[in-house]
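K.L.:
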Amino acid sequence: MLVSGSFFVYASSSFSDLSTTYDNYDAIEYVKANEIVSGYPDGTFQPDNTINRAEFTKIIINATYDEEAIENCLSENLQSDWTYVFFPDVSRDEWYAKYICVAKMNNIVGGYQDGTFQPEQEISFVEAAKVIVNAFDYNTVSDTVWYKPFVEVLGEESVIPITISAFDESITRGEMAEMIYRIKADIKDKPYMIYHSDGLALQCTKSDFKMAFVLVVEDESDATESRLDTLYAIKDSFDDAFYEATDHLATMDTSDDVFILKKTDAMDDDLNPESINPTEILKEFYSLYEDEYDFLSIYTTFENSSMSQGHGSDSNNIQGIGKSISSYSSVEGVNRYMGRNFMKHIDMYQNSEEGLILAVNGLLHETGHQWGAYAGENFTGNSSTELGILWGDIHFYRGLESPYETGTPMNSDYWLPDGDGTYYVANVYTSTKKYHPFLLYFMGLLPESEYDTKYKIYDAGGADTSRDYTPESATLYGEVSVRDIIEFEGERECVPY
Numbered sequence: 000m001l002v003s004g005s006f007f008v009y010a011s012s013s014f015s016d017l018s019t020t021y022d023n024y025d026a027i028e029y030v031k032a033n034e035i036v037s038g039y040p041d042g043t044f045q046p047d048n049t050i051n052r053a054e055f056t057k058i059i060i061n062a063t064y065d066e067e068a069i070e071n072c073l074s075e076n077l078q079s080d081w082t083y084v085f086f087p088d089v090s091r092d093e094w095y096a097k098y099i100c101v102a103k104m105n106n107i108v109g110g111y112q113d114g115t116f117q118p119e120q121e122i123s124f125v126e127a128a129k130v131i132v133n134a135f136d137y138n139t140v141s142d143t144v145w146y147k148p149f150v151e152v153l154g155e156e157s158v159i160p161i162t163i164s165a166f167d168e169s170i171t172r173g174e175m176a177e178m179i180y181r182i183k184a185d186i187k188d189k190p191y192m193i194y195h196s197d198g199l200a201l202q203c204t205k206s207d208f209k210m211a212f213v214l215v216v217e218d219e220s221d222a223t224e225s226r227l228d229t230l231y232a233i234k235d236s237f238d239d240a241f242y243e244a245t246d247h248l249a250t251m252d253t254s255d256d257v258f259i260l261k262k263t264d265a266m267d268d269d270l271n272p273e274s275i276n277p278t279e280i281l282k283e284f285y286s287l288y289e290d291e292y293d294f295l296s297i298y299t300t301f302e303n304s305s306m307s308q309g310h311g312s313d314s315n316n317i318q319g320i321g322k323s324i325s326s327y328s329s330v331e332g333v334n335r336y337m338g339r340n341f342m343k344h345i346d347m348y349q350n351s352e353e354g355l356i357l358a359v360n361g362l363l364h365e366t367g368h369q370w371g372a373y374a375g376e377n378f379t380g381n382s383s384t385e386l387g388i389l390w391g392d393i394h395f396y397r398g399l400e401s402p403y404e405t406g407t408p409m410n411s412d413y414w415l416p417d418g419d420g421t422y423y424v425a426n427v428y429t430s431t432k433k434y435h436p437f438l439l440y441f442m443g444l445l446p447e448s449e450y451d452t453k454y455k456i457y458d459a460g461g462a463d464t465s466r467d468y469t470p471e472s473a474t475l476y477g478e479v480s481v482r483d484i485i486e487f488e489g490e491r492e493c494v495p496y
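By numbering that gives the first Met the number 0, the letter at position 391 of the sequence shown is numbered 390, and the numbering carries on one by one without gaps.
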């Protein structure tokens, strides 16, 4: 008989060694409250300890079967004179015998090729995955790689915590609790790992982001009331603009105050003394403030030769579709994506509604680049985002004849056919900017129900060495869906350090 669980909110820990800030805190409290795990006699849980095959089997059986089924298994299924429970190394007198009995009778566990169970051996992640999938009755399709179906289904169900990074690694008690919690409490909004042929990969499901707005000054007096009012107006407008651009599928928290950062000598660009290095700005920022932002948007109060707006990342763990893993960090101790948008002199946006629109649209543009990296070489800056993932590197996509004003995060015009196979820019605009569905997919936001919708992609004009992306030179290549992208290049992924 399968047993359902309950959901609890916990004010303090049930275990003396468990802090409320521990990664798997809620999960451990859940399995304790639901009498799945009890902990050690000394009142500890020891979440970082590994777990052996007998212990894991007991916990999974406790999570899925009632006490009567467990207590009666030996007497109902074994002859009275049997001294072993299905395996030569599982004695009937051992504390774990009844749990292994239930697991074996219900095809939840199997033994090794030599017929043993090896109850005291640490259980690996893939072994645990098989037990979990069998115990919770997930459907799988067999594969030549025996563990692939089990890992795939747990990935699809958001079950695998991001602390598990290898197929053969031993899992901890905290990770065990986390997986059970996610299944029984139906937790779907936490980061999770998926199957990848080279190992486990991080599935990017983040839909709530946080952005800090930074004003870099040479002197504190440069942060005038007028300049700060301008930056606050941009900041306070961007969260709604981002929400609209992502078709209400993601949010950007911009609620924190504007940060004023004094320019340091380290921010000067060694190659160009009149320029400023945005990476050094980011380093200075995180030496002073908490690491809790996905993006920094940087403005200045002084002139420099690098005033054109731009984008980049200073900590990167992405793998573009069809591309090799790019994994680096310029900020010590950071192991996640950290983007920055280097915007222009704040005075360019002052004192007009037009300036505010320009600033917000520019910030949407640069933020969109952060995910557009999945579409080709990371951060190419190509104004048309070549769709190099499909059939060569000359095809690209726009918002032509779609409801999207911005065919890519980089463009803001409509193209319409001019009758001779090329196009012209139509001066038609929607009230809000929207990211192309391809970009929403690269962000991990596009609903799967939209994967089969076709969108036009184009061939650039000009020679191979000098492509022309203007509407007058481009011609229609064909129509492509997200499903086509997946079929040719595979799923989008993030890969952790």
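Beta carbons: idealized from backbone N, C-alpha and C, even for Gly.
Computed from a predicted structure; not experimentally measured.
For G42, tell me which candidate among F487, N51 and S13 has the shortest Cα-Cα distance.
P.N.:
The shortest C-alpha separation from G42 is found at S13.
K.L.:
Please look up how many angstroms separate the CB atoms of I161 and I50, rounded, as I've assumed it's under 8 Å.
P.N.:
With a Cβ gap of about 19 Å, I161 and I50 do not count as contacting.
K.L.:
Report the rounded CA-to-CA distance for T56 versus V158, giving the unit in angstroms.
P.N.:
Taking the straight line from one Cα to the other gives about 18 Å.
K.L.:
Assign P40 to one of two classes, buried (16 or more other C-beta atoms within 10 Å of its C-beta) or exposed (fewer than that).
P.N.:
With fewer than 16 other Cβ atoms within 10 Å, it is exposed.
K.L.:
Are the beta-carbon atoms of K497 and A53 separated by less than 8 Å?
P.N.:
In the structure as shown, the chain starts at 0 and stops at 496, and residue 497 therefore has no counterpart that could be examined.
K.L.:
Do E151 and Y194 have their C-beta atoms closer together than 8 Å?
P.N.:
Taking 8 Å as the Cβ cut-off, E151 and Y194 qualify as a contacting pair.
K.L.:
Note down the Cα distance separating E279 from D268, rounded to an integer number of angstroms.
P.N.:
Answer to the nearest angstrom: the Cα atoms are 9 Å apart.
K.L.:
Can you pull the DSSP bridge partners for D207?
P.N.:
According to DSSP, which records beta bridges pairwise, D207 is partnered with T250.
K.L.:
Using the Cβ count rule (16 or more neighbours within 10 Å means buried), how would you classify D25?
P.N.:
Under this definition D25 is a buried residue.
K.L.:
Would DSSP call F364 helix, strand or coil?
P.N.:
According to the sequence provided, residue 364 is His. The question's Phe does not apply to it. Of the three classes helix, strand and coil, the one that applies to H364 here is helix, per DSSP.
K.L.:
When you compare only the Cα positions, how much space is there between I498 and I27?
P.N.:
What the structure shows of the chain is the stretch from 0 to 496, and residue 498 is not part of that stretch, so it cannot be assessed.
K.L.:
CA-CA distance, D167 and F124?
P.N.:
Roughly 6 Å between the two C-alpha positions.
K.L.:
Per DSSP, which residues does F341 bridge with? Please list them.
P.N.:
DSSP output for F341 lists I297 and G309 as bridge partner(s).
K.L.:
Helix, strand or coil, according to DSSP, for E121 in the structure here?
P.N.:
The answer is strand: DSSP assigns E121 an E or B state.
K.L.:
Between the Cα of L513 and the Cα atoms of D255, M347, H435 and H344, which residue gives the shortest distance?
P.N.:
Past the boundaries of the shown model lies residue 513; the chain is included only from 0 to 496, so the question cannot be answered.
K.L.:
Report all residues from its chain with a CB closer than 8 Å to the CB of N106; omit the five preceding and five following residues, and keep chain order.
P.N.:
Excluding sequence neighbours, N106 sits near N133.
K.L.:
Which whole-angstrom value describes the C-beta separation of Y450 and V479, a residue pair presumed to lie in contact below a C-beta threshold of 8 Å?
P.N.:
Not really, about 11 Å apart at Cβ, beyond 8 Å.
K.L.:
Measure the beta-carbon distance from V108 to V130 and round it to whole angstroms, keeping in mind my assumption that it falls under 8 Å.
P.N.:
With 8 Å as the limit, V108 and V130 qualify as a contact, their Cβ atoms being about 6 Å apart.
K.L.:
Can you give me the C-alpha to C-alpha distance between D65 and Y98, rounded to a whole angstrom?
P.N.:
Cα to Cα, D65 sits roughly 11 Å from Y98.
K.L.:
Could you pull the start and end residues of the beta strand (DSSP E) that E478 belongs to?
P.N.:
Looking at the DSSP string, the run of the beta strand (DSSP E) that includes E478 is T474 to V479.
K.L.:
Between Y242 and the rest of its own chain, which residues show a CB-CB distance below 8 Å, the 5 nearest in sequence each way excluded?
P.N.:
Once the five neighbours on either side are set aside, the close Cβ partners of Y242 are A249, T250 and M251.
K.L.:
Beta strand (DSSP E) containing L260: first to last residue?
P.N.:
Unbroken beta strand (DSSP E) run through L260: F258 to K261.
K.L.:
Beta strand (DSSP E) containing M192: first to last residue?
P.N.:
First-last of the beta strand (DSSP E) with M192: Y191 to I193.
K.L.:
Tell me whether the region 135-142 and the region 73-92 touch, counting them as touching only if at least three CB pairs, one residue from each stretch, are closer than 8 Å.
P.N.:
The region 135-142, when compared against the region 73-92, does not touch it at the 8 Å Cβ threshold.
K.L.:
Pick out the complete alpha helix (DSSP H) segments inside the region 36-110, 4 residues or longer, and give them in chain order.
P.N.:
You should have 52-63, 66-76 and 96-104.
K.L.:
Here's the rule I'm using: 16 or more other beta-carbon atoms within 10 Å means buried, otherwise exposed. How should S296 be labelled?
P.N.:
Burial call: buried.
K.L.:
Beta carbon of K209, beta carbon of Y292: below 8 Å?
P.N.:
Taking 8 Å as the Cβ cut-off, K209 and Y292 qualify as a contacting pair.
K.L.:
Would you identify the three-state DSSP class for V213, choosing helix, strand or coil?
P.N.:
Looking at V213 - three-state DSSP - the assignment turns out to be strand.
K.L.:
Between the C-alpha atoms of L445 and N71, what's the straight-line distance to the nearest angstrom?
P.N.:
About 49 Å.
K.L.:
Given T263, which residues of its chain have a CB within under 8 Å of its CB, disregarding the five upstream and five downstream residues?
P.N.:
Once the five neighbours on either side are set aside, the close Cβ partners of T263 are E279 and E283.
K.L.:
Please report the residue range of the beta strand (DSSP E) in which I542 lies.
P.N.:
This structure cannot settle anything about residue 542, because the visible part of the chain is limited to 0 through 496.
K.L.:
Look at L214 and Y146 and say whether their C-beta atoms are less than 8 Å apart.
P.N.:
No, they are not a contact pair.
K.L.:
Closer than 7 Å to a non-hydrogen atom of the ligand MN - does that hold for the CB of L281?
P.N.:
Only the bare structure without any ligand can be found here, which leaves the ligand MN out of the picture.
K.L.:
State the CB to CB distance for the pair L199 and I163, rounded to an integer number of angstroms; the pair is presumed to be in contact (CB under 8 Å).
P.N.:
Right, the Cβ-Cβ distance comes to about 6 Å (below 8 Å), so this counts as a contact.
K.L.:
From which residue to which residue does the alpha helix (DSSP H) around A176 run?
P.N.:
Where A176 is concerned, the enclosing alpha helix (DSSP H) stretches over R172 to K183.
K.L.:
Please list, in chain order, all residues of the same chain as F258 whose beta carbon is under 8 Å from its beta carbon, the five residues on each side excluded.
P.N.:
These residues qualify, in order along the chain: A211, F212, V213, L214, F284 and Y288.
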